[in-house]
Amino acid sequence: MAEIDESNKKYFQLVAFDITQLNSDVIRAFKKVYPINTNPDLSEIVSGEVEFYTYCVTNWG
181 MAEIDESNKK YFQLVAFDIT QLNSDVIRAF KKVYPINTNP DLSEIVSGEV
231 EFYTYCVTNW G
């Protein structure tokens, strides 16, 4: 989960550990924006439209 402002948030998911290309983790970020005070079901989040995939270092936060 990532806050995008004080009243909204988006979700992302760790999907791979790629040691063959950039030796880093791969996440996918979902497009839907949720109100900050909601707790959607995980199946709802992961069935949503993906906005982008990217390499990152997840242990940095």
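The opening residue of the sequence shown carries number 181 in my numbering; numbering runs sequentially from there. For every residue, glycine included, the Cβ atom is placed at its ideal position computed from N, Cα and C. Keep in mind it's a predicted model, so treat the numbers as computed, not measured.
Taking ALA196 as the centre and dropping the five residues before and after it, the same chain places the C-beta of VAL206 closer than 6 Å to its C-beta, in chain order. By the 16-neighbour rule on beta-carbons within 10 angstroms, TYR233 is exposed. With contacts defined as CB atoms closer than 8 Å, ILE216 and LYS189 qualify as a contacting pair. Non-local C-beta neighbours of SER204 in its own chain, meaning closer than 7 Å and more than five positions away in sequence, comprise ASP198, TYR235, CYS236 and VAL237, ordered along the chain. In this chain, the beta strand (DSSP E) harbouring VAL230 covers 230-236.
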